[in-house]
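**Q** One structure follows; several queries about it will come next.
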Amino acid sequence: MVAAGLLLLLLAAGPGQAGAGRARRDALREELLLSPLPAGDLAATFQFRTRWDADLQRGEVSHYRLFPKALGQLVAALGVRELHLALTQGFWRTQAWGQPPLQAPAGAELWVWFQPTVTDVDKAWKELSNILSGIFCASLNFIDSTNTVTPTASFKPLGLANGTDHHLLRYAVLPREVVCTENLTPWKKLLPCGSKAGLAVLLKAERLFHSSYHSQAVHIRPICRDASCLAVSWELRQTLTVVFDSFSSGQGKKDWSLFKMFSRTLTDACPLASESKVYVDISPKNKEKELLEVTPPPASVHEAIVQGDKRTYAVYDLLSPSLFNTSRSLNVQLKWKRPQDSSELPTPVLHAHRYVSGYGLQTGEISTLIYNTHPYRAFPVVLLETVPWYLRLYVHTLTIITKGKENKPSYIHYQPAQDRRRPHLLEMLIQLPANSVTKITIQFERALLKWTEYTPDPNHGFYISSSVLSALVPSITAMKDMDVEQSPLFSSLFPSSDGSSYFVRLYTEPLLVNLPTPDFSMPYNVICLTCTVVAVCYGSFYNLLTRTFHVEEPSRGGLAKRLANVIRKFRGVPPL
Amino acid sequence: MAAPLVLVVLVAVTVRAALYRSSLAAFISERVEVASPLNAWKRVVEGLALLDLGVSPYSGAIFHETPLMIYLFHFLIEYAELVFMITDVLTAVALYLAIQDFNKAVFKKQKLLIELDKYAPDVAELIQTPMEMHYIPLKVALFYLLHPYTVMSCVAKSTCAINNTVIAFFILATIKGSALLSAVFLALATYQSLYPLTLFAPALLYLLQRQFIPIKLKSKSFWLYTMQYAALYLCSLVVIICLSFFLLNSWDFIPSVYGFILSVPDLTPNIGLFWYFFAEMFEHFSLFFVCVFQINVFFYTIPLAIKLKEHPVFFLFVQMAIISIFKSYPTVGDIALYMAFLPVWSHLYRFLRNIFILSCVLIVCSLLFPVLWHLWIYAGSANSNFYYAITLTFNIGQILLVSDYFYAFLRREYYLTHGLHLTGQDGTEAMLVLK
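Just so you know, the sequences run in chain order S and B.
The numbering used here numbers the first residue of the first sequence as 1 and each following residue consecutively.
The numbering used here numbers the first residue of the second sequence as 1001 and each following residue consecutively.
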């Protein structure tokens, strides 16, 4: 009787627990995209998406399964609505490699939207950057008010948003930050399977950092749970993009394989993943014949329009049982069928280039060139520049010239810098005519800093972080209106309103400028010498103010005079 | 005397106009010796551009001019060159008229002292005659208008020229004896650059002398007049500051202008002593030394007032020199103003001890400033110590020049009362020492 009662109790509790589990469902999808680049390089992009149907903001959560607890608690405790952190080494060469799937600026970039309930956003920002610095072993604690800005037009929320009060947004870049194995290891630890199963086994540091471009990012944002959007789910995306150079990694040969790139092959999917796929971009470049041959032959071929281009992908589904029938491991091999020629270089619709000009250590000029290569469509671009306070920008020298004529921006937001407190922020909305080059120049003056404010290697120079270009680029091929959530590839991070254009965020090169330096070995000498000059004035004036003139008898002469008289006597000359 | 003055003015205007049209104008505008963060023309243009963009010019760290300057140049920006040439001419004319009146006062006082037998019998050669004093005002105007420092300041369109004009009008008003105008112009000068506050003492002493009020601490009329003058000065200052508030409807200009002058956050190199000192200062002592250096400008006033209470115009000269040397962002325009007074003391020439070497030091340093700047900033073969050394030498030269003139002045005063030929107790020639 008692046993039956206990059994009944357990049965009642069981579905209740299962019911709770059903309400908090989480799912992991992992994808790897291999895209060959011109000149034989290869870009590999990993994306791990964990989606969790729970509302982190309301603090009901106590049991974390796939979603990492460190990030979940961070989001709940600090009132974070969206978080985007990227650590990058190298620069994506848009002109040589084409439009990037998801670009990040060199160094560390962190931008965060806070919830409207947060009262002191700056305090929350400081705490957040310190906590992330600990989680990712990166020097994000150097983010302070001198490199944080609040953009007004760029960096709109990528997830669900109720209103966009830009005072809740903070953006900071540390261009000097270096990415290394220490940053990769905690990033891998956030993955549900770690680096033990699934696609993450390929992430070995010795091969990943032997590359031209390495970028790892974490994106957290709230999304609609379903089409009716009545409830909120949280999405964590971890992306890692790496570009392997055919000369340094490939030993000059242009044939690639998973083993050659990562020195590992895939053996199974992550057991916790609901989807685990490898995509290889086999789009024919000149639409005549195929360029690449992939082995083993793909199970299916998927066609999609990505960034305005029609692309074909060979798909390997690691969860399908037929994949590992023939061999225990999957080693995707790519062979070029015919040599590439330079006519197949991609022409990205929007690309930009930035450089410093001028000579000497007093003044300089920052020039940005923005190219719109679309043959007949003009579109606007938002340019965000953050310049540190020690390069004093003169906004009256800002000139924007397109095709030889002046181009006035339709929106300009300029926040001048305050010494040692805040950097310059310049945001402009510029219309780019079709098939044109726009040159934006602004002059600056270099400041002399206090000797303690220089880095230990002052003659290396100071970095200016990349400027950000955000645009809705009209696509050359119209895109189908497809279900963005189900789309497997990276276009789903940026919401797009219609199929005729796609969102692109580009970063320009970071700049390195030298500042005049004082002599670092001289603090004591300088203090002594300057105080001597002040003392000379004080001494002269003290004498003149406190002493009076007196008549004085001529003295008989001291020792020198007597000695001189002795010598004169010897010479036979009259004495002094 | 008007014709030679007009001629000098024409020559000066021609020189400036010629330089404006030449390629040297851009080069001179960039020189750090001529344009400091407080008075560079580039920053005035930047401030007006920020105002056009809808941003307060004081929200950044670029613009440190007073709101009245914004108001002035908002309307006159197209005629900037003309404005600066006119300000230079006005300064020269004001100094001319002031020195003319001063000479008359000096001559009258001298005559009175001779009649009262205050002078020793053998000092005839030391007495100033109207003949030699006739050309001094013209020389003063000439010195100011054609001084290379003034010309460079004007060509660079540094707002130091406007500060100099206000101070020149203050001097004219003081010497003419008008307490109200003197207080108003002094308030305007203080509002512009804070340091002319110290010129309150010499102006007060001159006005008291002119009113024949004896300078005794127990005298009631002395305190009454001092209170009146101080009240006029403070009221004008308050009115000007309130007017500035209503221009942009904020008090932001006070930390941007006066906070900037006093706390010296910008370490752009200039001809002064502050920049390298604070670039190499240990953080812990920074506040202490800022206070010491700022007090250094103000604390010579009381001792000088006690020593030179009979000679307020010389006191004014020494005080202006001290301001130009020790202010936080000096430029050559400030130096040109006090150097314009040197012809007034040309009768002291025989008592100057080191004038040759000091003028050589000043000329050589002025020539070396651009050379060593180029070597540090553009060629990269020298470092900041070279430029700093020239700064030190130049400032020592100026300090010794002023103290030399002070010594000569005091010595002449001694000779006037004690006679030129000094004999000792045994009748032989004796020396004069400062003890």
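Beta carbons are placed, not taken as given, at the ideal position from N, Cα and C, and that holds for glycine.
Compare the Cα-Cα distances from S/V301 to each of S/L85, S/Q307, S/D317 and S/D309 and report the closest residue.
**A** Mapped onto the first sequence, residue 301 of chain S falls at position 301. Closest by alpha carbon: S/D317.
**Q** Confirm, please, whether the CB-CB distance from S/E30 to S/G198 is below 8 Å.
**A** The sequence position of residue 198 of chain S within the first sequence is 198, counting from 1. The sequence position of residue 30 of chain S within the first sequence is 30, counting from 1. Yes, they are a contact pair.
**Q** Can you tell which of S/V468, S/K260, S/L128 and S/A269 has the C-alpha that lies nearest to the C-alpha of S/T386?
**A** Residue 386 of chain S sits at position 386 when you count from the first residue of the first sequence. Of the listed residues, the one whose Cα sits closest to S/T386 is S/V468.
**Q** Does any residue of chain S bring its CB to less than 8 Å from the CB of B/F1073?
**A** As a position in the second sequence, residue 1073 of chain B is number 73, starting the count at 1. No, because no Cβ of chain S sits closer than 8 Å to the Cβ of B/F1073.
**Q** S/F46 lies in the beta strand (DSSP E); which residues open and close that run?
**A** To locate residue 46 of chain S, count along the first sequence from 1; it is residue 46. Start and end: L42 to W52.
**Q** How long is the line joining the alpha carbons of S/N355 and S/V218, rounded to whole angstroms?
**A** Here residue 355 of chain S refers to the residue found at position 355 of the first sequence. Here residue 218 of chain S refers to the residue found at position 218 of the first sequence. The sequence shown places Tyr at residue 355 of chain S, rather than the Asn named in the question. S/Y355 and S/V218: Cα-Cα distance of roughly 29 Å.
**Q** Could you pull out every residue in the same chain whose Cβ sits closer than 6 Å to the Cβ of S/T441, ignoring the five residues on either side in sequence?
**A** Along the first sequence, read from residue 1 onward, the residue named residue 441 of chain S stands at position 441. The residues are E365, S367 and T399.
**Q** Please name the residue, chosen from B/V1344, B/L1208, B/V1015 and B/I1240, that lies closest to B/K1309 on a Cα-to-Cα basis.
**A** As a position in the second sequence, residue 1309 of chain B is number 309, starting the count at 1. Considering only alpha carbons, the answer is B/L1208.
**Q** Any idea which residues DSSP pairs S/S436 with across the strands?
**A** Numbered from 1 along the first sequence, position 436 holds the residue referred to as residue 436 of chain S. According to DSSP, S/S436 bridges with S/N372.
**Q** What three-state label does DSSP hand S/R170 in the structure shown?
**A** Position 170 of the first sequence holds residue 170 of chain S. DSSP places S/R170 in strand when its eight states are reduced to three.
**Q** Take S/N514 as the anchor and find which of S/G461, S/T312, S/K69 and S/S466 has the nearest alpha-carbon.
**A** Walking along the first sequence from the start, residue 514 of chain S turns up at place 514. For S/N514, the nearest C-alpha among the options comes from S/G461.
**Q** Among the residues of its own chain, which have a CB less than 6 Å from the CB of B/N1163, if the five just before and after it don't count?
**A** As a first step, residue 1163 of chain B must be located in the second sequence, where it is residue number 163. So the qualifying residues of the chain are Q1192 and S1193.
**Q** According to DSSP, is B/F1063 helix, strand or coil?
**A** The residue given as residue 1063 of chain B occupies position 63 in the second sequence. B/F1063 falls in the coil class under three-state DSSP.
**Q** Flag this pair as yes or no: are the beta carbons of B/V1290 and B/V1264 separated by less than 8 Å?
**A** Position 290 of the second sequence, counted from the first residue, corresponds to residue 1290 of chain B. Position 264 of the second sequence, counted from the first residue, corresponds to residue 1264 of chain B. Cβ atoms of B/V1290 and B/V1264: closer than 8 Å.
**Q** Are any of the Cβ atoms in chain S nearer than 8 Å to that of B/V1433?
**A** Taking the first residue of the second sequence as 1, we reach residue 1433 of chain B at position 433. True, the Cβ-Cβ gap to chain S drops below 8 Å.
**Q** Among the residues of its own chain, which have a CB less than 8 Å from the CB of S/R22, if the five just before and after it don't count?
**A** As a first step, residue 22 of chain S must be located in the first sequence, where it is residue number 22. Annotation note: pLDDT 45 at S/R22 (below 50); position unreliable, coordinate value reported separately. The answer is none, since no qualifying residue turns up.
**Q** Grab me the residues of S/A299's own chain with a C-beta within less than 8 Å of its C-beta, minus the 5 sequence neighbours each way, in chain order.
**A** As a working note, residue 299 of chain S is residue 299 in the first sequence. Same-chain partners within the cutoff: V315, Y316, D317, S320, S322 and L323.
**Q** Does the Cβ of S/T645 have 16 or more other Cβ atoms within 10 Å, making it buried, or fewer, making it exposed?
**A** One cannot answer for residue 645 of chain S here, as it falls past the ends of chain S, which runs 1 to 576.
**Q** Between B/F1386 and S/T455, what straight-line distance do the alpha-carbon atoms span, to the nearest angstrom?
**A** Taking the second sequence and counting its residues from 1, one reaches residue 1386 of chain B at position 386. Taking the first sequence and counting its residues from 1, one reaches residue 455 of chain S at position 455. If you take the alpha carbons of B/F1386 and S/T455, they lie about 23 Å apart.
**Q** Is there at least one non-hydrogen atom of the ligand COA closer than 7 Å to the beta-carbon of B/S1023?
**A** Because no ligand of any kind appears in the structure shown, any question about the ligand COA cannot be addressed here.
**Q** Output yes if chain S places a C-beta closer than 8 Å to the C-beta of B/D1266; else output no.
**A** For this step, residue 1266 of chain B is matched to residue 266 along the second sequence. Interface residue, yes.
**Q** Against chain S, which members of the stretch 1053 to 1068 of chain B pass a CB distance test of less than 8 Å?
**A** Listed by position along the chain: L1053, V1055, S1059, G1060, A1061 and I1062.
**Q** Measure the alpha-carbon distance for S/F136 versus B/S1250 and round it to whole angstroms.
**A** Working through the first sequence from its first residue, we reach residue 136 of chain S at position 136. Working through the second sequence from its first residue, we reach residue 1250 of chain B at position 250. About 44 Å.
**Q** For B/V1257, which residues of its own chain have a beta-carbon under 6 Å away from its beta-carbon, when the five flanking residues on both sides are left out?
**A** Along the second sequence, one-based indexing puts residue 1257 of chain B at 257. Closer than 6 Å at Cβ, skipping near neighbours: H1064 and T1066.
**Q** State the beta-bridge partners of S/F503 as determined by DSSP.
**A** Here the question's residue 503 of chain S lines up with position 503 in the first sequence. Per DSSP, S/L472.
**Q** Counting pairs of beta carbons, one from the stretch 1225 to 1242 of chain B and one from the stretch 1330 to 1340 of chain B, are three or more of them closer than 8 Å?
**A** In short, these stretches do not touch, since the Cβ pair count stays below three.
**Q** With a cut-off of 8 Å, does the C-beta of B/I1028 fall near any C-beta of chain S?
**A** Within the second sequence, the letter at position 28 stands for residue 1028 of chain B. By this cut-off, B/I1028 is not an interface position.
**Q** Looking only at its own chain, which residues have a Cβ that is under 6 Å from the Cβ of S/P100, when we skip the five neighbours before and after it?
**A** In the first sequence, residue 100 of chain S corresponds to position 100, counting from 1. Around S/P100: W92.
**Q** Checking 8 Å against the spacing of the C-beta atoms, do S/S263 and S/R207 come in under that value?
**A** Position 263 of the first sequence, counted from the first residue, corresponds to residue 263 of chain S. Position 207 of the first sequence, counted from the first residue, corresponds to residue 207 of chain S. Against a cut-off of 8 Å, the Cβ pair of S/R207 and S/S263 comes out as a contact.
**Q** When Cβ atoms are compared, which residues of the stretch 447 to 463 of chain S fall closer than 9 Å to chain B?
**A** Listed by position, the residues of the stretch 447 to 463 of chain S near chain B (Cβ gap below 9 Å) are A447, L448, L449, K450, W451 and T452.
**Q** Any beta carbon from chain B within less than 8 Å of S/P523's own beta carbon?
**A** As a first step, residue 523 of chain S is located in the first sequence; it is residue number 523 there, counting from the start. Yes, contact with chain B.
**Q** If you measure between the beta carbons of B/L1053 and S/Y538, is that distance less than 8 Å?
**A** Here the question's residue 1053 of chain B lines up with position 53 in the second sequence. Here the question's residue 538 of chain S lines up with position 538 in the first sequence. Cβ atoms of B/L1053 and S/Y538: not closer than 8 Å.
**Q** Do you know whose CA, among B/D1266, B/L1204 and B/Y1388, lies nearest B/F1222's CA?
**A** In the second sequence, the residue the question calls residue 1222 of chain B occupies position 222. Of B/D1266, B/L1204 and B/Y1388, the residue nearest in Cα terms is B/L1204.
**Q** Can you give the Cα-Cα distance for B/D1334 and B/S1324, rounded to whole angstroms?
**A** Here the question's residue 1334 of chain B lines up with position 334 in the second sequence. Here the question's residue 1324 of chain B lines up with position 324 in the second sequence. Rounded to whole angstroms, B/D1334 to B/S1324 spans 5 Å at the Cα level.
**Q** Residues of chain S with CB under 9 Å from B/P1269, in chain order?
**A** Residue numbering aside, residue 1269 of chain B sits at position 269 when the second sequence is read from its first letter. Correct list: L448 and P516.
**Q** Report buried or exposed for B/S1182, applying the criterion of at least 16 other Cβ atoms within 10 angstroms of its Cβ.
**A** Mapped onto the second sequence, residue 1182 of chain B falls at position 182. With 16 or more Cβ atoms within 10 Å of its Cβ, B/S1182 is classed as buried.
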